[in-house]
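Trainee: The opening position of the sequence shown corresponds to residue 552 in our numbering, with each subsequent residue numbered one higher. Don't be surprised by glycine CBs; every beta carbon is placed ideally from N, CA and C. I have a structure here, written as structure tokens, and I will follow up with some questions on it.
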Amino acid sequence: MSSGHDEELCAILVEQGSVHAEQVEEAFELQKIRPKAVADLLLDLGYVDEEQVLGALSEQYHVPYEPGIVDEVDSSLTTKVPISFIREYHMVPVKKNGNGYLVAVNDPVNLLPLDDLRLLLDGDVSPVLCTKAAIQQIIDSYFEQQTENAADMIDSITMAEGDDYKSLDALNSERDLLDLANEAPIIKLINLVITGGVKDRASDIHIEPFEKEVRVRYRIDGVLYEKFSVPRGQQAAVISRVKIMADLNIAEHRLPQDGRIKIRLSGKEIDIRVSIIPIAHGERVVMRILEKGSFLFSLEQLGMEQRDNSQLDRIIQSSHGIMLVTGPTGSGKSTTLYAALQKVNSPDKNIITVEDPIEYQLEGIGQIQVAPKIGLTFAAGLRSILRQDPDIILIGEIRDMETAEMAVQASLTGHLVFSTLHTNDSAGAITRLVNMGIEPFLVTSSTIAIQAQRLVRRICDTCKEAYMAELETYKELGVEAPADPEKRVLYHAVGCKDCSDRGYRGRTGIFELLVMTPRIQEMALQGVDSNQIKREARKFGMRTLREDGANRAMLGLTSAEEILRVTRNDMEEEIMD
């Protein structure tokens, strides 16, 4: 199976001191049962890294290895080469080199496609070796370049139509809508809208028709930003194109429709949930972007304080009981529960979930997708789960009394149950369950902890600006200001290239963990209101959402303005109390 090329490469690696002869022999033995190049096997075994292999390949094939060339990319060149070619061969033109071009490659053995690249670029090409990650970065820049051209494309569509935009009825009567939706400019425009959303880390894409334009907005880090407007005359074609991609009925304009789009982008699988509703000026589209694949967050990465993290770690190791996570839509509840499941997942535990939808695939865990149309509700799924001998159960959301009752019974019969509930704070979850019809003694005997949470935007480290905060700011945040005026440092969000002039990049969580102590259980049994329970919990060291947020602001992870924006309702409740 081994070739002279493999042996020559291994000799170079041994000479360079990257591997030992015994490790090379092991790789050749492995090659007999796994038909791969020896270099790949050495990488799989962890004996070498990619840079060492590329250095040896550079010496073997006399192709220069230039790891820093990714910073010199002329992204305009990528528009001359079909993206399908770049993806298939992992060959990307980088920059002009005299009368020719430098081309980044990862495999110097297979250079035949360079002949095709020579024709596409109409010039000589010279290969340089790059890591796979560097080439993927160049491919990503292709999408960035294309997205930047979206505005130019829209401008050209507008110029072609003129100032007098066509009405929807006129457009439908003149040409077949299916033909319009399949025209190259419309296909390309919708592709750019989606790739732009993925590139900007948007969670949702909104396409909203108004009287004279169709507005496109992205929700990034929980906040909507307007990106551009599409000419009103293209409205029907744009909406129809989305419907075609989502396999929906393009002739139906009067009823809401829901669908799904599955795409691959830069090697990643992207799942897009599509919702279309009729409004005054046409149909409104919202696309929720979900990146498929394995769940990557751990409990430690959620941003929880060490004390709360240790408490939660102990709670999720319990043999039975209910652990609830509360908060509004989009507050990261599912993310927290997935991280908790990963923490407790082991071969000796049977873990089953019932979700709507399944947002991440978790290895070693049975996941059920709710399907109400055929009678598979949360309650029905939970009823079936209990016959599957589970140790740990995750219920996507407790929405009704039936589900709540079954969750309580499951916890009382020796199961650990994770679930979510829509309440503003942790103490409010107790009241909510009682209002659903669950007896207070069942709530207190089954529930072991309730965690409320919100997501706040992380301030950009590149451009954040320190300032000496006024005492009034600390008062608004609900915490005591440091006694030393020199330590009253908070940060303003400014905006730079790294954060696309938004001042923020990414999000982190703020948390409020209520542990059901005997005193809290006693108060809940007496029917005490949630604000009194919250005050009692604070005596035992619970930090409220805004207190946790204020701590994040003082650590320079976010701004006071962001904490005030996210926790405004919680502060109003405490003021009223």
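Is the CB-CB distance between G883 and G1060 below 8 Å?
Mentor: Taking the first residue of the sequence shown as 1, we reach residue 883 at position 332. Taking the first residue of the sequence shown as 1, we reach residue 1060 at position 509. Cβ distance < 8 Å, so G883 and G1060 count as in contact.
Trainee: At which residue ranges does the segment 995 to 1071 contain complete beta strand (DSSP E) runs of 3 or more residues, listed in the order of the chain?
Mentor: 998 to 1010, 1016 to 1019, 1040 to 1043 and 1055 to 1066
Trainee: Helix, strand or coil for A655? Go by DSSP, reduced to three states.
Mentor: Taking the first residue of the sequence shown as position 1, residue 655 is located at position 104. DSSP, reduced to helix, strand and coil, places A655 within a strand of the structure shown.
Trainee: With DSSP collapsed to three states, give me the class of V1110.
Mentor: Walking along the sequence shown from the start, residue 1110 turns up at place 559. Before going further, note that residue 1110 is Ser rather than Val in the sequence given. Note: S1110 maps to coil in three-state DSSP.
Trainee: If distances are taken between C-alpha atoms only, which option among R1086, V1040 and E610 comes closest to T1109?
Mentor: As a position in the sequence shown, residue 1109 is number 558, starting the count at 1. Out of R1086, V1040 and E610, V1040 has the C-alpha closest to the C-alpha of T1109.
Trainee: Short check: CB of R752 to CB of V765, under 8 Å?
Mentor: Your numbering for residue 752 matches position 201 in the sequence shown. Your numbering for residue 765 matches position 214 in the sequence shown. No, they are not a contact pair.
Trainee: For my contact list, L1028 and A1104 are in at a C-beta cut-off of 8 Å; report their separation, rounded to the angstrom.
Mentor: Here residue 1028 corresponds to residue number 477 of the sequence shown, with the count starting at 1. Here residue 1104 corresponds to residue number 553 of the sequence shown, with the count starting at 1. The Cβ separation is near 7 Å, so the contact holds.
Trainee: Need the endpoints of the beta strand (DSSP E) that Q567 sits in, please.
Mentor: Position 16 of the sequence shown, counting from 1, holds the residue named residue 567. Neither: Q567 is in no beta strand (DSSP E) and is coded neither H nor E.
Trainee: Would you mind stating whether L665 and A607 have Cβ atoms separated by less than 8 Å?
Mentor: Numbered from its first residue, the sequence shown carries residue 665 at position 114. Numbered from its first residue, the sequence shown carries residue 607 at position 56. Contact: no.
Trainee: Out of E576, A655, L993 and E762, which one is the CA nearest neighbour of S642?
Mentor: Residue mapping note: residue 642 aligns to position 91 of the sequence shown, counting from 1. It is worth fixing the name first, because residue 642 is Met in this sequence and not Ser. If you compare the alpha carbons of E576, A655, L993 and E762 with that of M642, the shortest gap goes to A655.
Trainee: I'd like the span of the alpha helix (DSSP H) that includes T682, first residue to last.
Mentor: The count along the sequence shown starts at 1 and reaches residue 682 at position 131. Run containing T682: none; DSSP gives neither H nor E here.
Trainee: Which residues mark the beginning and the end of the beta strand (DSSP E) in which M855 is found?
Mentor: Numbered from its first residue, the sequence shown carries residue 855 at position 304. It is not in any beta strand (DSSP E) - M855 carries neither H nor E in the DSSP assignment.
Trainee: Cβ atoms of L875 and A1017: under 8 Å apart, would you say?
Mentor: If you number the sequence shown from 1, residue 1017 lands on position 466. If you number the sequence shown from 1, residue 875 lands on position 324. Their beta carbons are not under 8 Å apart, which means A1017 does not touch L875 by this criterion.
Trainee: Between the Cα of G1100 and the Cα atoms of Y616, L1115, E576 and L581, which residue gives the shortest distance?
Mentor: Along the sequence shown, one-based indexing puts residue 1100 at 549. Measuring from the Cα of G1100, the nearest candidate turns out to be L1115.
Trainee: At what residues does the alpha helix (DSSP H) containing G773 begin and finish?
Mentor: Sequence index remark: in the sequence shown, residue 773 carries index 222 (1-based). Where G773 is concerned, there is no enclosing alpha helix (DSSP H), given that its DSSP letter is neither H nor E.
Trainee: Taking the runs of the beta strand (DSSP E) that are 3 residues or longer, which of them lie wholly in the segment 885 to 912?
Mentor: 902 to 906
Trainee: Let me check understanding here. Comparing Cα to Cα, which of Q611, Q868 and D942 lies closest to V899?
Mentor: Here residue 899 corresponds to residue number 348 of the sequence shown, with the count starting at 1. Note on residue identity: the sequence assigns Asp, not Val, to residue 899. Of Q611, Q868 and D942, the residue nearest in Cα terms is D942.
Trainee: Which residue marks the beginning of the beta strand (DSSP E) containing D822, and which one marks its end?
Mentor: The count along the sequence shown starts at 1 and reaches residue 822 at position 271. Start and end: K819 to I830.
Trainee: Could you tell me the boundaries of the beta strand (DSSP E) in which Q808 lies?
Mentor: As a first step, residue 808 is located in the sequence shown; it is residue number 257 there, counting from the start. Unbroken beta strand (DSSP E) run through Q808: Q808 to L816.
Trainee: So the alpha helix (DSSP H) D1099 belongs to, where does it begin and stop?
Mentor: For the purposes of this step, residue 1099 is taken as the residue at position 548 of the sequence shown. DSSP places D1099 in the uninterrupted alpha helix (DSSP H) bounded by L1096 to M1105.
Trainee: Measuring only the C-alpha atoms, how far is V614 from A1003?
Mentor: One-based indexing of the sequence shown puts residue 614 at position 63. One-based indexing of the sequence shown puts residue 1003 at position 452. When rounded, the distance between both Cα atoms is 56 Å.
Trainee: Helix, strand or coil for N975? Go by DSSP, reduced to three states.
Mentor: Locating residue 975 in the sequence shown gives position 424, where the first residue counts as 1. If DSSP states are grouped into helix, strand and coil, N975 belongs with coil.
Trainee: Skipping 5 residues on each side, what residues in its chain have a beta carbon closer than 6 Å to that of E1113?
Mentor: Position 562 of the sequence shown, counted from the start, is the residue given in the question as residue 1113. Only V1007 and R1008 meet the Cβ criterion.
Trainee: Could you tell me the alpha carbon to alpha carbon distance between E558 and E856, rounded to whole angstroms?
Mentor: Residue 558 sits at position 7 when you count from the first residue of the sequence shown. Residue 856 sits at position 305 when you count from the first residue of the sequence shown. Roughly 53 Å separates the two Cα atoms.
Trainee: Only counting the same chain, and skipping five residues up and downstream in sequence, which positions put a Cβ closer than 7 Å to that of A578?
Mentor: To locate residue 578, count along the sequence shown from 1; it is residue 27. Counting only Cβ-Cβ distances below 7 Å, and skipping sequence neighbours, we find V589, L592, L593 and L596.
Trainee: If you run the structure through DSSP and keep just helix, strand and coil, what is G606?
Mentor: Indexing the sequence shown from 1 puts residue 606 at position 55. G606 falls in the helix class under three-state DSSP.
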